[in-house]
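Enquirer:
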Amino acid sequence: MKLHGGFDLVYRGRIQPIITPGMNKNYLELPYNFIWGRALEILIGCDQLRIIGCSLGPNDIGLIDLLFKAHLARKKSPF
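Going by this note's numbering, the first residue of the sequence shown is number 12, and it counts up by one from there.
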């Protein structure tokens, strides 16, 4: 799952949903609410989590929030 970048990334022959960088995204509207909701479902169900190349800085406040929500929703932490 890649939550930064651009749209239409092709990985293993399939187009992947991606959220563009920056803080000015409205997560209450499409396409971000769908992608972010799906990311939360995946994170809640994952057994392992690897964060690669992300400083989790001020521009990543939405991602930090998403990780925290997934952590609270799980019975066992993957972190």
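Heads up, the beta-carbon is just placed ideally off N, CA and C, and yes, glycines get one too.
Hey, residue 39 and residue 80: beta-carbon distance below 8 Å or not?
Expert: Taking 8 Å as the Cβ cut-off, residue 39 and residue 80 do not qualify as a contacting pair.
Enquirer: For residue 25, name the three-state secondary structure that DSSP assigns.
Expert: The answer is strand: DSSP assigns residue 25 an E or B state.
Enquirer: Check whether the Cβ atoms of residue 67 and residue 74 lie closer than 8 Å to each other.
Expert: It is a contact, given that the beta carbons lie within the stated cut-off.
Enquirer: Can you check which of these residues, 78, 87 and 86, is closest to residue 49 by C-alpha distance?
Expert: Checking every option, the nearest Cα to that of residue 49 belongs to 78.
Enquirer: Regarding residue 68 and the ligand COA, is the C-beta to nearest heavy atom distance less than 7 Å?
Expert: Judged by which ligands are present, the structure shown has none, so any question about the ligand COA falls away.
Enquirer: Would you decide whether residue 41 is buried or exposed? Buried here means 16 or more other CB atoms lie within 10 Å of its CB.
Expert: Exposed is the call here.
Enquirer: Taking the alpha carbon of residue 86 as the reference point, which residue from 47, 57 and 46 has its own alpha carbon closest?
Expert: When only C-alpha atoms are compared, the closest one is 57.
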